[in-house]
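Using this note's numbering, read the sequence shown as starting at 134 and increasing by one per residue.
The beta-carbon is built from N, C-alpha and C at its ideal position, and this holds for glycine as well.
Below is one structure, written out as structure tokens, with a few remarks after it.
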Amino acid sequence: MYKTVFERPKALTDVPLHYCPGCTHGIIHRLVAETIDELEILDNTVGIAPVGCSVFAYNYFNCDMIEAAHGRAPAVATGVKRTHPDNIVFTYQGDGDLAAIGTAETVHSATRGENITVIFINNCIYGMTGGQMAPTTIPGQVTTTTPYGRFRSIQGNPIRVCEMLSTLDGVALAARVSVDTPANINNAKKMIKKAFQNQIDRKGFSIVEVLSTCPTNWGLSPSDALQWLRDNMIPYYPLGTYKDGEALKDGE
């Protein structure tokens with residue numbers, strides 16, 4: 134007799150993912166889906182899909198999904214959560230969607246302490262549109278729009294999202310994780326689960342930033358892309374928990 138020890142989470146649909154070989158979106162999707170299964174919230178969860186490489190997230194999660202206009206996922210999530218406060222609402226966004234066109238929605242939903250969960254994928258580049266510089270592109274990084282590297286004197290500094298949001302009173306959790314090693318994957322799962330549990334416990338806005346790879350637009354093999362992440366992204370975007378508590382409420 135064989136015993137099943139590993140299977141597809143119920144929160145993931147049984148369809149092939151469209152992501153490039155070596156892209157870590159698939160790993161992160163699984164972590165989110167495992168969390169939904171373990172917390173037994175599948176029938177009560179609403180996901181907000183972004184514009185970007187994960188635009189088809191609505192095809193991959195088995196919960197109710199809404200496709201938001203570019204950058205507007207936190208605003209849509211706010212509307213859903215305020216209308217249906219007993220639902221668990223999460224957004225799944227890339228760095229262009231969240232930290233460029235969606236910066237205002239992100240910052241203001243965070244500072245209001247909206248009781249939602251944000252999964253933020255940071256791969257330092259615009260993946261879907263051909264590899265242009267993103268708000269998170271690190272200094273010196275070559276992209277199609279910074280062929281000689283990103284220069285602070287010309288393109289300015291990247292945005293460190295967790296550090297920025299951790300200063301806001303409405304934020305309960307701001308954590309940065311990675312999925313480049315088994316140990317980091319386990320920690321990423323822990324933080325994602327905490328972000329969903331925070332929403333169940335009504336603690337306020339929770340964001341988990343996940344450092345991810347983009348082998349295609351980085352021009353690297355999947356294994357070399359993981360090493361590039363370790364050598365370049367983690368030193369600039371240190372892993373860790375930047376805020377962990379509860380959003381300030383009326384009277385505090």
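Identify which residue in Val240, Pro142, Val251, Arg163 has its Cα closest to the Cα of phenylalanine 329. It is Val251.
Three or more C-beta pairs below 8 Å linking the region 217–227 and the region 175–188: Note that the region 217–227 touches the region 175–188; at least 3 beta-carbon pairs, one per stretch, sit closer than 8 Å.
Leucine 150 by DSSP, collapsed to three states: which one? For leucine 150, the three-state secondary structure derived from DSSP is coil.
Label phenylalanine 253 either buried or exposed according to how many other C-beta atoms from any shown protein chain fall within 10 Å of its C-beta, with 16 as the threshold for buried. That one is buried.
Alpha carbon to alpha carbon, what distance is there between lysine 376 and tyrosine 369? In a straight line, the C-alpha of tyrosine 369 is about 18 Å away from that of lysine 376.
6 Å CB neighbourhood of cysteine 347 in its chain, flanking five on each side removed: Apart from the 5 residues on each side of it in sequence, cysteine 347 sits with its Cβ closer than 6 Å to the Cβ of Asn256, Ile258, Gly260 in its chain, given in chain order.
Between glutamate 171 and lysine 327, which are expected to be in contact by the criterion C-beta below 8 Å, what is the C-beta distance as a whole number of angstroms? Your pair glutamate 171 and lysine 327 does not check out as a contact, with CB atoms roughly 12 Å apart and the cut at 8 Å.
Identify the continuous beta strand (DSSP E) that holds alanine 316 and give its terminal residues. Alanine 316 -> not in any beta strand (DSSP E); alpha helix (DSSP H) instead, spanning 315–333.
The region 207–216 / the region 230–248 touching (three or more Cβ pairs under 8 Å): Touching, yes, given that three or more Cβ pairs across the two stretches are closer than 8 Å.
Just to confirm the assignment, what range does the beta strand (DSSP E) spanning glutamate 200 have? Run containing glutamate 200: 197–200, per the beta strand (DSSP E) assignment.
Beta-carbon gap between histidine 151 and phenylalanine 189 smaller than 7 Å: Yes, they are a contact pair.
Give the DSSP-derived three-state secondary structure of arginine 283 in the structure shown. Coil, per DSSP.
So what's phenylalanine 189 in DSSP terms, helix, strand or just coil? In the structure shown, phenylalanine 189 sits in a helix (DSSP, three-state: H, G or I).
Starting from serine 339, follow the beta strand (DSSP E) in both directions and report where the run begins and ends. Run containing serine 339: 338–344, per the beta strand (DSSP E) assignment.
Mind reading off the beta-carbon distance from glycine 275 to alanine 308? Whole number of angstroms is fine, and I expect it under 8 Å. Before going on, a small fix: residue 275 reads as valine here, not glycine. For valine 275 against alanine 308, the beta-carbon gap comes to about 29 Å, at or over 8 Å, which does not count as contact.
Enumerate in chain order the residues of its own chain whose CB-to-CB distance from threonine 374 is below 6 Å, with the five nearest sequence positions on each side excluded. Answer for threonine 374: Ala308, listed in chain order.
Tell me whether aspartate 230 is buried or exposed, calling it buried when 16 or more other Cβ atoms sit within 10 Å of its Cβ. It counts as buried.
Tell me which residues share the same chain as histidine 162 and place their Cβ nearer than 6 Å to its Cβ, disregarding the 5 neighbours each side in the sequence. Here the set comprises Tyr193.
Return the residue from the list Ala166, Ala201, Ile271, Pro355 that minimises the CA-CA distance to glycine 406. Residue 406 is absent from the structure shown; the chain starts at 134 and stops at 385.
Let me know the secondary structure DSSP gives isoleucine 254 once reduced to three states. Isoleucine 254: strand per DSSP, three-state reduction.
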